[in-house]
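Chains Z and D, in that order, are what the protein sequence lines are. Per my numbering, residue 22 is the first one in the first sequence, and the count goes up by one each step. Per my numbering, residue 34 is the first one in the second sequence, and the count goes up by one each step. Beta carbons: idealized from backbone N, C-alpha and C, even for Gly. First up is the structure itself, then whatever we jot down about it.
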Amino acid sequence: MPKLTIDGIEVEVPAGTTVLQAAEILGIEIPRFCYHERLSIAGNCRMCLVEVKPGPPKPAASCAMPVAEGMDVRTDSEMARKARKGVMEFLLINHPLDCPICDQGGECDLQDEAMTFGNDHSRYGEMKRSVTEKEMGPLVKTAMTRCIHCTRCVRFTTEVAGVPEMGMLGRGEHAEITTYLEQALDSELSGNVVDLCPVGALTSRPYAFTARPWELRKTESIDVLDALGTNVRIDVRSGQVLRILPRLNEAVNEEWLADKSRHAMDGLRQQRLDTPYVRKDGQLVPASWEEAFAAIRAKVAGLDGSRIAAIAGDQADCEAMTALKDLMGVLGSTNLDCRQDGAKLDPTVRAGYLFNSTVEGIESADALLLVGSDPRWEAPVLNARIRKRYLAGGFKAGRIGPAGRDLTYPVEELGVDPSVLIEIAEGRHPFAEVLKAAKTPMIILGMGALTRTDGAAILAAARKVADTTGMVTEGWNGFSVLHTAAARVGGLDLGFVPGSGGLDTRGIQAGCASGAVEVLYLLGADEIDTNALGKAFVIYQGSHGDAGAHRADVILPGLAYTEKEATYVNTEGRPQRTKVAGFGPGEAKEDWKIIRALSGALDKTLPLDSVHQVRARMAEINPVLGTMNAVTPAAWEAFGTEGPVDTAAFTTAIANYYMTCPISRASPTMAECTRVFINGNQERTGTDG
Amino acid sequence: MSIGTRLLTMLNGEFVGEDAHGNKYYQERTKRLSNPLYRRKRWVMYKGKAEGSKVPAEWHAWLHYTNDTPLNARSKAWEQPHKPNLTGTLGAYVPKGDDRAGGTRAASTGDYQAWRP
């Protein structure tokens, strides 16, 4: 452990630490543009120059200089300041003076540093260099004249996103950052280059010229568009969500955010349900809450509980599911399910539906078996974590499922159907040896494998793989289920599943078609086949007018995730809470309050008068939901039903990454992404193309 | 119009002209002072309520000694007929987003598009 002195303070840091990191430990901030904690060190912006003794009598780039015993570093000496001033002057030679029309204005690193190290005037009289704009797709807007060549975006796309599509061409004054083929960045993490860009060269296209950072009210919240539970910051002006940025959480998303979670927020102002509706003579007409409740009461009163059913959707929050579960209980119904995709998950054993290894645990895994899962689409940020593990070396991945999809790290294609999984479970497959040889092997079981009719048998086979290859040991559980819906684990934790003799999603749908189920309560469930619900009386509660609302007989307008304080449990079983960033439209109300009010209208008043009572009830059902932001390891017990498996190939759980929920389906930006990335309508609008 | 103005008009008023709205313009018949800098007083007898904005531009120029004679009204094709201040009347200006002006306004933050079946 070398000992060194920084600005007169002695510090001992591990060998291999850079001077800049050592200064960071002491709380001394050295200005930088190109250095980033999660990217490789480039050392090309020269802003982090410091004076180092002993050594040559010139400043050294602290980001790329490893510490050495007895070093004496001055970060604020005359020499360091003069050197940085010089660097700043060079950077500003070719940087346009368009801060007033630049989207980065107010949150620009160059602007901030120029306040400290910039000169009051320019000594440069010649023309500034101009660079043509680059086409980077519907999410990233470019103004490459502003680029200072820090290459953060190049390093991000190459290292973290794993799509080497960006690079620097030319040298000297002619150096340009570009996408090699002048086409959209084919990555689900492309939005992050906007955050990384220290200047306004890469900005968010949907957010362009919309707001200034000081106009925005920032709310720290949770994303629910995938099951990862990414920590986000929601920026709001006048009640309208203008952008969503990632928030640091080492255990979940580090500091990345997937494109859908970042840009689907413009769907929050499209297709909103802002008033209750009641179907009269085949037409949905706007109604008051009283009329809507009266219509439900007229249908439900006196009806036997077994003829009522409820399905919770992909973004239903735990509070609403608690209230709805209790309401179903007092109505005498056991027909409720939170697995609207029909996944054959075993709700009785928590370890059977969690991402037990945890997201952070991926980094300590040394072999991985993907079964019917495409993490690149199902949880792009989690996929980046797997790639991070792959880059660290000594990691082997195999996949059973649709082949050919690039996951940004090499995978061994083991086969496409469940028979391979059985072979591995029985030790007849070579990959079983890989898993057995690994110290901490893991299996990621996707919804593509579990939503099949033989899902329960596949779950049992996956469990057998985990048992026979030693995936579950003291302190390590490699059995990981990757969910596609933010509400799923919460629903399973709350037991929002069929009770004794109750129907599951498929049973409810069949019951609706046959007339056995007369009243169906959809809590934001749009992914089921709403045309096959027969003559059932459908109550739809949700935020958007999607498939469920079109079929509904009564619509109760709820709130979207940015408008309510609600609990969601991510795929690893980590309960997290969203915060109110803006108010909902029109008459829309918080979801659990709607159910509580409905229970009163049905004369079955639930004892849930405040959010505290709801949360206490949640914790009573499952104590895990009382501990926020922490993962509670689940006990390894028997789950799954062994049985014959189908030989049909696995399919992917997601057909289109950019449109998976009512919010993203309503979003114009996601529609544009679908047009470009899914349908392949690349526009060659670059000035050279 | 005060009694004083009426008296002055009767005793020493010289009728100069009348605008399109029926306002009548007068000036002093005789110079009251011999001072060469003294200008003959000019005034208007409004038709109806006394309201300064009723005076059209061509007479405004004369009234304020900008011109010796009233300007030629509507000499240009693009000139609009003069309108007095309409504040407080039904013809008052209302912004585009106001319900009285049709209620259509440009999109602003906080807007959302509601779903209609």
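*Please state whether DSSP places Z/Ile243 in a helix, a strand or coil.*
By 1-based counting over the first sequence, the position of residue 243 of chain Z is 222. Strand, per DSSP.
*Given that Z/Tyr298 touches chain D, what residues does it touch there, using C-beta distances under 7 Å?*
As a position in the first sequence, residue 298 of chain Z is number 277, starting the count at 1. Going along chain D in sequence order, the residues near Z/Tyr298 (Cβ under 7 Å) are Pro150.
*Would you say Z/Leu25 and Z/Val94 are within 8 Å of each other, going by their C-beta atoms?*
Sequence index remark: in the first sequence, residue 25 of chain Z carries index 4 (1-based). Sequence index remark: in the first sequence, residue 94 of chain Z carries index 73 (1-based). Closer than 8 Å, so yes.
*Would you mind reading off the limits of the beta strand (DSSP E) that contains Z/Ser225?*
Walking along the first sequence from the start, residue 225 of chain Z turns up at place 204. Here the beta strand (DSSP E) through Z/Ser225 covers 223 to 225.
*According to DSSP, is Z/Ser211 helix, strand or coil?*
Within the first sequence, the letter at position 190 stands for residue 211 of chain Z. Correct three-state label for Z/Ser211: coil.
*asked:* Since Z/Leu629 and Z/Trp613 should fall inside the 8 Å C-beta cutoff, what is the C-beta to C-beta distance between them, to a whole number of angstroms?
replied: Position 608 of the first sequence, counted from the start, is the residue given in the question as residue 629 of chain Z. Position 592 of the first sequence, counted from the start, is the residue given in the question as residue 613 of chain Z. Going by Cβ atoms, the distance from Z/Leu629 to Z/Trp613 rounds to 7 Å, so yes, they are a contact pair.
*Among the residues of its own chain, which have a CB less than 7 Å from the CB of Z/Ala546, if the five just before and after it don't count?*
Counting from one through the first sequence, the residue named residue 546 of chain Z turns up at place 525. Around Z/Ala546: Ile332, Ala333, Gly334, Gln361, Gly569.
_Closer than 7 Å: D/Trp76 CB and nearest the ligand ATP heavy atom_ = In the structure on display, the ligand ATP does not appear, and there are no ligands present to speak of.
*Looking only at its own chain, which residues have a Cβ that is under 7 Å from the Cβ of Z/Ile529, when we skip the five neighbours before and after it?*
Locating residue 529 of chain Z in the first sequence gives position 508, where the first residue counts as 1. Correct list, in chain order: Ala330, Ile332, Asn356, Asp358, Val538, Leu541.
*Determine the direct distance from the alpha carbon of Z/Ala453 to that of Z/Glu447, and round the result to whole angstroms.*
The residue given as residue 447 of chain Z occupies position 426 in the first sequence. The residue given as residue 453 of chain Z occupies position 432 in the first sequence. Their backbone Cα atoms lie some 8 Å apart in a straight line.
*For the region 279 to 305 of chain Z, which residues have a CB atom closer than 7 Å to at least one CB atom of chain D, in sequence order?*
Arg290, Gln291, Gln292, Arg293, Leu294, Asp295, Tyr298, Leu305
*Taking all protein chains shown into account, decide if Z/Ala676 is buried (16 or more other Cβ within 10 angstroms of its Cβ) or exposed.*
Here residue 676 of chain Z corresponds to residue number 655 of the first sequence, with the count starting at 1. Exposed, because fewer than 16 other Cβ atoms sit within 10 Å of the Cβ of Z/Ala676.
_Option nearest D/Glu51 by Cα separation, candidates D/Asp144, D/Pro128, D/Pro89, D/Ala147_ = Taking the second sequence and counting its residues from 1, the one referred to as residue 51 of chain D is at position 18. The shortest C-alpha separation from D/Glu51 is found at D/Pro89.
*For D/Asp144 and chain Z, any beta-carbon pair shorter than 8 Å?*
On the second sequence, position 111 is the one that residue 144 of chain D refers to. With 8 Å as the cut-off, D/Asp144 counts as an interface residue toward chain Z.
*Smallest Cα separation from Z/Arg420: which of Z/Met463, Z/Glu90, Z/Gly250, Z/Asp488?*
The residue given as residue 420 of chain Z occupies position 399 in the first sequence. Cα-wise, what sits closest to Z/Arg420 is Z/Met463.
*asked:* Could you tell me which whole alpha helix (DSSP H) segments of length 4 or greater appear in the region 579 to 651 of chain Z?
replied: 612 to 622, 632 to 642
*asked:* Rounding to the nearest angstrom, what Cα-Cα distance links Z/Gly363 and Z/His116 in this structure?
replied: Residue numbering aside, residue 363 of chain Z sits at position 342 when the first sequence is read from its first letter. Residue numbering aside, residue 116 of chain Z sits at position 95 when the first sequence is read from its first letter. Answer to the nearest angstrom: the Cα atoms are 55 Å apart.
*Integer Cβ distance of Z/Ser83 from Z/Thr137, believed to fall under 8 Å*: As a position in the first sequence, residue 83 of chain Z is number 62, starting the count at 1. As a position in the first sequence, residue 137 of chain Z is number 116, starting the count at 1. Their Cβ separation, rounded to whole angstroms, is 16 Å, which puts Z/Ser83 and Z/Thr137 out of contact at 8 Å.
*What are the start and end residues of the alpha helix (DSSP H) that includes Z/Ile445?*
Here residue 445 of chain Z refers to the residue found at position 424 of the first sequence. That run of the alpha helix (DSSP H) goes 439 to 446.
_Reference Z/Phe558, options Z/Glu154, Z/Gly425, Z/Gly536, Z/Leu223, closest by Cα_ = For the purposes of this step, residue 558 of chain Z is taken as the residue at position 537 of the first sequence. Considering only alpha carbons, the answer is Z/Gly536.
*Just checking my contact of Z/Cys339 with Z/Thr588 at CB under 8 Å: how many whole Å lie between their CB atoms?*
Taking the first residue of the first sequence as 1, we reach residue 339 of chain Z at position 318. Taking the first residue of the first sequence as 1, we reach residue 588 of chain Z at position 567. The pair is a contact, with the Cβ atoms about 4 Å apart (cut-off 8 Å).
*Closer than 8 Å to chain D by CB, Z/Gly545*: Numbered from 1 along the first sequence, position 524 holds the residue referred to as residue 545 of chain Z. So, not an interface residue.
*Helix, strand or coil: how does DSSP classify Z/Val257 here?*
On the first sequence, position 236 is the one that residue 257 of chain Z refers to. Three-state DSSP puts Z/Val257 in a strand.
*Could you check which residue in D/Gly46, D/Lys82, D/Ser67, D/Met43 has the C-alpha nearest to that of D/Asn118?*
Locating residue 118 of chain D in the second sequence gives position 85, where the first residue counts as 1. Of the candidates D/Gly46, D/Lys82, D/Ser67, D/Met43, the one whose C-alpha sits nearest the C-alpha of D/Asn118 is D/Lys82.
*From the beta carbon of Z/Cys694, is the nearest beta carbon of chain D less than 8 Å away?*
Along the first sequence, read from residue 1 onward, the residue named residue 694 of chain Z stands at position 673. False, the Cβ-Cβ gap to chain D never drops below 8 Å.
*Using a Cβ-Cβ cut-off of 8 Å (strictly less than) and excluding sequence neighbours within five positions of Z/Leu619, which residues of its own chain qualify?*
Walking along the first sequence from the start, residue 619 of chain Z turns up at place 598. So the list reads Phe314, Ile317, Leu348, Leu577, once near-sequence residues are dropped.
*asked:* Runs of 4 residues minimum, wholly inside the region 388 to 469 of chain Z: which ones carry the alpha helix (DSSP H) assignment?
replied: 396 to 399, 401 to 412, 439 to 446, 451 to 458
*Who pairs with Z/Arg59 in a beta bridge, going by DSSP?*
Taking the first residue of the first sequence as 1, we reach residue 59 of chain Z at position 38. In DSSP, Z/Arg59 forms no bridge with anything.
*Closer than 8 Å, Cβ to Cβ, to anything on chain D: give me those residues from the region 605 to 632 of chain Z, in chain order.*
Pro606, Gly607
*Closer than 6 Å by C-beta to Z/Ala272: which residues in its own chain qualify, once you throw out the five before and the five after it? Chain order, please.*
Translated into positions along the first sequence, residue 272 of chain Z becomes position 251. Excluding residues within five positions, the ones whose Cβ falls inside 6 Å are Glu381.
*Excluding sequence positions up to five away, which residues of its chain have a Cβ less than 6 Å from the Cβ of Z/Val245?*
Looking up residue 245 of chain Z in the first sequence gives position 224. Excluding residues within five positions, the ones whose Cβ falls inside 6 Å are Gln336, Ala507, Tyr582, Tyr589.
*Would you say Z/Thr172 and Z/Ala85 are within 8 Å of each other, going by their C-beta atoms?*
Translated into positions along the first sequence, residue 172 of chain Z becomes position 151. Translated into positions along the first sequence, residue 85 of chain Z becomes position 64. No, the Cβ-Cβ distance between Z/Thr172 and Z/Ala85 is not below 8 Å.
*asked:* Need the endpoints of the beta strand (DSSP E) that D/Trp76 sits in, please.
replied: In the second sequence, counting from the first residue as 1, residue 76 of chain D sits at position 43. Taken as a continuous stretch (DSSP letters only), the beta strand (DSSP E) holding D/Trp76 covers 75 to 78.
*asked:* I'd like to know whether the C-beta of D/Ala139 is nearer than 8 Å to at least one C-beta of chain Z.
replied: Working through the second sequence from its first residue, we reach residue 139 of chain D at position 106. No, D/Ala139 lies away from the interface with chain Z (no Cβ there is under 8 Å from its Cβ).
*asked:* Please report the distance separating the alpha-carbon of Z/Thr626 from that of Z/Leu345.
replied: Numbered from 1 along the first sequence, position 605 holds the residue referred to as residue 626 of chain Z. Numbered from 1 along the first sequence, position 324 holds the residue referred to as residue 345 of chain Z. Rounded to the nearest angstrom, the two C-alpha atoms are 12 Å apart.
*Using the Cα positions of Z/Asp28 and Z/His565, report the straight-line distance between them to the nearest angstrom.*
On the first sequence, position 7 is the one that residue 28 of chain Z refers to. On the first sequence, position 544 is the one that residue 565 of chain Z refers to. Approximately 57 Å, taken between the alpha carbons.
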